[in-house]
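Asker: Before anything else, here's the structure in question.
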Amino acid sequence: MGETGGPLTLRVLSYLAPSVPASLFDALAARLATELGDDVDLRFDASRSGPRPGEDEPFTSGRVDLAFLCATSFVWLSSGASPAVDLVGAAWVPADPRSRARPVYFADVVAPVTGAGVLEDLADGRVAYNDEVSLSGYHSLRFSIDAAGMDVDAIELVRSGSHLRSLEMLRAHDVDAAALDSAVWRRCRRHDPALAGELRVISQLGPHPVQPVVARAGLAQPVREAVRRTLIGAHAEPSVAAELEDAELVRFVAVDDDDYAGLRARMADLGWVAPAATRS
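Residue numbers for the sequence shown follow this note's numbering, so the first one is -9 and each next one is one higher.
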């Protein structure tokens, strides 16, 4: 299935673990190896949710073929005259009923049951987020603070490194609230029922387009199509289905640039992406 007709090693990178369990990506990599008949080299980068403009990225140099990353990183990497990545065309659907079987998700701002009751109560407080690329943990929070007419600088945003670490900091009373990917919050509550008595959601942010699967711009189209078909059908494999369920996800569905157009436009409005680089 290689780009020249022979076997290849498909190099896959996830920026989303450990908040999304690494075992899910292991199962998906195994499925890709089986379906494509190629070796799959799966690696993880837990330092960020994806590259930002000006940072090192592994796609242009060909070090990585596929990646799971945050939607904001996809917009940055796919903008400009020479995009580094394109959509594979498949993205997961969260189990969260608010998603309504669509590839969208929410961020939940969580606080102690005896603490803040609404977002505005966090003025002069400390809120944990995972990293500066994250849509759910960082940008959606900033969008919502601005929409509420609050001064963003009135809230101290504390970088934790992962959604799981944000939750740990909240439970240790190191922060007053945490902005969490809703699938992560649902999974943590399922595994630790005591959380329901300790913490509550004080603000629901979204919906936002889910974290996409991207391919480096030079990856051959037949390989992309094979990956897309495999991911969309992956839930039929029991081992993958079990991992999706544990991660509070249902299955992969088809997506295209239109699914990310709203986010791209919002980022252009904020000056994060040049308007000339936006797509119709």
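Note that beta-carbon positions come from the ideal geometry of N, C-alpha and C, so glycine has one too. These figures come from a predicted structure and were not determined experimentally.
According to DSSP, what are the bridge partners of Ser193?
Answerer: In the DSSP output, where bridge partners are listed per residue, Ser193 has Val99.
Asker: Would you kindly work out how many angstroms separate the C-alpha atoms of Ala12 and His153, rounded to a whole number?
Answerer: Each residue's alpha carbon lies about 14 Å from the other.
Asker: Check Val54 in the structure and name its three-state DSSP category.
Answerer: Coil, per DSSP.
Asker: Can you have a look at Gly79 and say buried or exposed, based on whether 16 or more other CB atoms are within 10 angstroms of its CB?
Answerer: Gly79 should be labelled buried.
Asker: Counting Cβ pairs closer than 8 Å, one from the segment 170 to 178 and one from the segment 95 to 109, do we hit at least three?
Answerer: Contact between the segment 170 to 178 and the segment 95 to 109 is present, because at least three Cβ pairs lie under 8 Å.
Asker: According to DSSP, is Thr(-1) helix, strand or coil?
Answerer: Three-state DSSP puts Thr(-1) in a strand.
Asker: Nearest by alpha-carbon distance to Arg149: which of Ala167, Ala138 and Ser134 is it?
Answerer: Comparing Cα positions, the closest option is Ala167.
Asker: In whole angstroms, give me the CA-to-CA distance for Pro43 and Trp66.
Answerer: Going by the C-alpha atoms only, they are around 6 Å apart.
Asker: Nearer than 6 Å: is that true of the beta carbon of Ala251 relative to any heavy atom of the ligand ATP?
Answerer: Among the components of this structure there are no ligands whatsoever, and the ligand ATP is therefore not found.
Asker: Along the alpha helix (DSSP H) that carries Pro212, what are the first and last residues, could you check?
Answerer: Unbroken alpha helix (DSSP H) run through Pro212: Gln211 to Gly223.
Asker: For the pair the segment 100 to 111 and the segment 232 to 240, tell me if three or more CB-CB distances fall below 8 Å.
Answerer: No, the segment 100 to 111 is not in contact with the segment 232 to 240.
Asker: Nearest by alpha-carbon distance to Pro202: which of Gly105, Trp262, Asp247 and Gly52 is it?
Answerer: Minimum Cα distance to Pro202 is reached at Asp247.
Asker: Here's the rule I'm using: 16 or more other beta-carbon atoms within 10 Å means buried, otherwise exposed. How should Gly127 be labelled?
Answerer: Gly127 is buried by the Cβ-count criterion.
Asker: Report the rounded CA-to-CA distance for Leu56 versus Ser4, giving the unit in angstroms.
Answerer: If I take the Cα positions, the gap works out to 9 Å.
Asker: How is the beta strand (DSSP E) around Phe49 delimited, first residue to last?
Answerer: No beta strand (DSSP E) holds Phe49; DSSP gives it neither H nor E.
Asker: Helix, strand or coil for Val240, going by three-state DSSP, please let me know.
Answerer: In the structure shown, Val240 sits in a strand (DSSP, three-state: E or B).
Asker: Under the DSSP definition of a beta bridge, which residues are partnered with Ala118?
Answerer: Beta-bridge pairing links Ala118 to Val148 and Ala168.
Asker: With H, G and I counted as helix, E and B as strand and the rest as coil, what does DSSP make of Ser229?
Answerer: In this structure, Ser229 counts as helix in the three-state DSSP scheme.
Asker: Taking the straight line between their C-alpha atoms, what separation do you get for Gly(-8) and Gln211?
Answerer: Confidence in Gly(-8) is poor, its pLDDT being 49 and thus under 50, which makes the residue's placement unreliable; the coordinate value appears in the next sentence. Using only the alpha carbons, I get a separation of about 11 Å.
Asker: Quick one: using the 10 Å Cβ neighbour count with 16 as the cut-off for buried, is Thr220 buried or exposed?
Answerer: When all chains shown are included, Thr220 counts as buried.
Asker: Consult DSSP for Ala251 and reduce its assignment to one of helix, strand or coil.
Answerer: Of the three classes helix, strand and coil, the one that applies to Ala251 here is helix, per DSSP.
Asker: Taking 7 Å as the limit between beta carbons, can you name the residues of its chain near Val123, skipping five residues before and five after?
Answerer: If we look at Val123 and ignore the five residues flanking it on each side, its Cβ neighbours are Arg38, Ser39, Gly40, Arg42, Cys60, Thr62 and Ser63.
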